[in-house]
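Asks:
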Amino acid sequence: MAEQLYQRDAYGQALVKLGSSDNNVVVLDADLSSSTRTNLFAKQFPERFFNFGVAEQNMIAAAAGLASCGKKVFLSTFAVFASGRAWDQVRVSISYNNFNVKIVATHAGVTVGPDGASHQALEDIALMRVLPNMNIIVPADAPQTEEAIMAAAGIPGPFYIRMGRSKVPTIENKEKFEFGKAQLLCPGDDAAIVACGLMVEQALWAVKSLAARGIRARLINMHTIRPLDKEIILKAAQETRLIIACEEHSVFGGLASSIDEVVAENFPVKVIRVGVHSRFGQSGEPEELMKEYHLTGPDIEKAVLAHIAQK
225 MAEQLYQRDA YGQALVKLGS SDNNVVVLDA DLSSSTRTNL FAKQFPERFF
275 NFGVAEQNMI AAAAGLASCG KKVFLSTFAV FASGRAWDQV RVSISYNNFN
325 VKIVATHAGV TVGPDGASHQ ALEDIALMRV LPNMNIIVPA DAPQTEEAIM
375 AAAGIPGPFY IRMGRSKVPT IENKEKFEFG KAQLLCPGDD AAIVACGLMV
425 EQALWAVKSL AARGIRARLI NMHTIRPLDK EIILKAAQET RLIIACEEHS
475 VFGGLASSID EVVAENFPVK VIRVGVHSRF GQSGEPEELM KEYHLTGPDI
525 EKAVLAHIAQ K
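In my numbering, the protein residues as written are 225 to 535.
1. Under the DSSP definition of a beta bridge, which residues are partnered with ARG497?
2. In this structure, does DSSP put PHE265 in helix, strand or coil?
3. Please classify MET374: is it buried, with 16 or more other beta-carbons within 10 angstroms of its beta-carbon, or exposed?
4. How is the beta strand (DSSP E) around PHE393 delimited, first residue to last?
5. Between which two residues does the alpha helix (DSSP H) carrying GLN462 extend?
6. Using a Cβ-Cβ cutoff of less than 6 Å, which residues in the same chain neighbour PRO380 once the five nearest sequence positions on both sides are dropped?
7. Buried or exposed for ALA291, going by 16 or more other Cβ atoms inside 10 Å?
8. Along the beta strand (DSSP E) that carries ARG450, what are the first and last residues, could you check?
9. Take the Cβ of CYS410 as the centre, count every other Cβ of all protein chains shown within 10 Å, and call the residue buried at 16 or more, exposed below.
10. Looking at the unbroken alpha helix (DSSP H) that takes in LYS405, where does it start and where does it end?
11. Are ILE327 and ALA306 touching if we call contact CB-CB under 8 Å?
12. Roughly how many angstroms separate the alpha carbons of LYS398 and LEU428, rounded to a whole number?
13. Between the Cα of ALA341 and the Cα atoms of GLY521, GLY508 and GLU512, which residue gives the shortest distance?
14. Measuring straight from C-alpha to C-alpha, what distance separates PHE274 and ALA469?
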């Protein structure tokens, strides 16, 4: 069984590595450092760590100021606060100025669990994707989270990096992370499943189950939502004629919408959405909520089976 790890732990450890090699790295948090794991950086480099309390908008504005002075800024809070509560400051202070600020948001999606709808960000990718200059990464597991953080640190400009709360299985046999370049995890020409974040593991389950039925589904880990790897999407569209987009996010404005925009202009095919369909989250255990919102491997398999005959 694949090892299960917190992406947040990998993030905190990556920050320590960055802080050890670059004195310009500073880290900001909004009174959630033990949850986001920025406390690991704070212990090692207290003079370069700033806790803003429950004041996310102020934190974003301060991050912009630090970036304007040449600092490499990483800031963290829960995804619902980073994307929603502070969106105006992200737009005007960071994105508009194309500042070198990395917004690393944790506790995204319904798998936040018992905290309920108020804390379950299901719209954050959509909110960030509409902003000019903003790059977006949704890593699939802990090792890829560290790779994404290290890569983003070396690329100027604003980033939104999205993680969940729960432990996630480590995806085996992945290629090395390359920003903006999706990973082909499984070959297949009967359908193409494109997933991001923890949905990659669910999609792997579906691929294996479909294979037992004689259906060869291609699986793509679309860890970078913006800029999207258009080449791999169009290749999948041309060779499979059916795309299943899987995300722990609203079906509007996120991964599925990104894929729609590419294929509609270049090679129109059916894009089926496995995600949250115009609903808020609710309180519950992560496993229960994944089933309630039809985000599981069997749900992905069902979507493929329902549409493969209609290609």
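The C-beta atom is built at its ideal place from N, Cα and C for all residues, glycine as well.
Replies: Reading off the structure:
1. In the sequence shown, residue 497 corresponds to position 273, counting from 1. Note: ARG497 sits in a beta bridge opposite ALA469.
2. Here the question's residue 265 lines up with position 41 in the sequence shown. Helix at PHE265.
3. In the sequence shown, the residue the question calls residue 374 occupies position 150. Classification for MET374: exposed.
4. Sequence index remark: in the sequence shown, residue 393 carries index 169 (1-based). Looking at the sequence provided, one finds Pro at residue 393 rather than Phe. PRO393 -> beta strand (DSSP E) spans 391-393.
5. Here residue 462 is taken as the residue at index 238 of the sequence shown, counted from 1. Segment 454-464, the alpha helix (DSSP H) holding GLN462.
6. Residue numbering aside, residue 380 sits at position 156 when the sequence shown is read from its first letter. Answer for PRO380: ASN324, listed in chain order.
7. Sequence index remark: in the sequence shown, residue 291 carries index 67 (1-based). Label assigned to ALA291: buried.
8. By one-based count along the sequence shown, residue 450 stands at place 226. ARG450 -> beta strand (DSSP E) spans 448-450.
9. Translated into positions along the sequence shown, residue 410 becomes position 186. Classification for CYS410: buried.
10. Position 181 of the sequence shown, counting from 1, holds the residue named residue 405. Run containing LYS405: none; DSSP gives neither H nor E here.
11. The residue you call residue 327 lines up with position 103 of the sequence shown. The residue you call residue 306 lines up with position 82 of the sequence shown. Cβ distance < 8 Å, so ILE327 and ALA306 count as in contact.
12. Along the sequence shown, one-based indexing puts residue 398 at 174. Along the sequence shown, one-based indexing puts residue 428 at 204. Cα-Cα distance, rounded: 12 Å.
13. Taking the first residue of the sequence shown as position 1, residue 341 is located at position 117. It is GLY508 whose Cα lies nearest to the Cα of ALA341.
14. By 1-based counting over the sequence shown, the position of residue 274 is 50. By 1-based counting over the sequence shown, the position of residue 469 is 245. Going from the Cα of PHE274 to the Cα of ALA469 covers about 38 Å.
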